[in-house]
Amino acid sequence: MNRRLFVLLPLLAASLFAFQFTNQKKSKSRDPNVRNVEGVVSLEDGAPAVGAVVQLKNLKSLQVKSFITQDGGKYQFQNLSTHTDYELKADYKEFASPSRSLSIFDTRLDAVVNLKLEPKKAEDKKSDDKK
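Residues -20 to -1, 1 to 111 (mature numbering (1 follows the signal peptide of the UniProt record, and there is no 0)) make up the sequence shown, in order.
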């Protein structure tokens, strides 16, 4: 009996130590003031728009960040404030997406905002030509 206890006691202690160690990793929480947004830019037919330019506009400071889509039309912006509204839109050749918003009322820390491209309207094309 003592021999079994002598063998089981170290195993039990090791198990508790391992359990405690894994719980410590999980208890580290993420900063609730920081979020990310990602998504896919697609053409009208659903094909991914590789090389599209996605613009993220901070509606508080009016700063604009850009990202060129990668394989599969994917984009991402990281380390955004949860206390700021953002506007997202994409451009690709003769196509543009409608603007989408990421609001302070959206509580997702990892938001997914997919953008669908449409043919640019005539007035949009004229303003692009002036640039």
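Note that beta-carbon positions come from the ideal geometry of N, C-alpha and C, so glycine has one too.
Where does F57 land, buried or exposed, given buried means 16+ other C-beta within 10 angstroms?
buried
Cutoff 7 Å; reference Y55; Cβ partners in own chain excluding five residues on either side:
E18, G19, V21, V34, F47 and T49
Here's a check: name, in chain order, each residue in its chain whose Cβ is nearer than 6 Å to the Cβ of V93, leaving out the five neighbours to either side.
Here the set comprises V17, G19, L68 and R80.
What are the residues that DSSP puts in a beta bridge with F57?
V17
Candidates K100, K40 and K96: which alpha carbon is nearest A27's?
Each of K100, K40 and K96 was checked against the Cα of A27, and the nearest Cα belongs to K96.
Quick check on G53: buried or exposed, where buried means 16 or more other Cβ atoms within 10 Å of its Cβ?
buried
Let me know the secondary structure DSSP gives residue 183 once reduced to three states.
The requested residue 183 is not part of the displayed model; the chain covers only -20 to 111.
Buried or exposed for S61, going by 16 or more other Cβ atoms inside 10 Å?
Around the beta carbon of S61, fewer than 16 other beta carbons sit within 10 angstroms, so the residue counts as exposed.
Please report the distance separating the alpha-carbon of Y72 from that of G31.
7 Å
Residue environment, R88, which counts as buried when at least 16 other CB atoms sit within 10 Å:
Exposed: under 16 other Cβ atoms inside 10 Å.
Please state the DSSP three-state secondary structure of D90.
strand
Between the alpha carbons of F85 and D25, how many angstroms are there, rounded?
F85 and D25 have their C-alpha atoms spaced approximately 32 Å apart.
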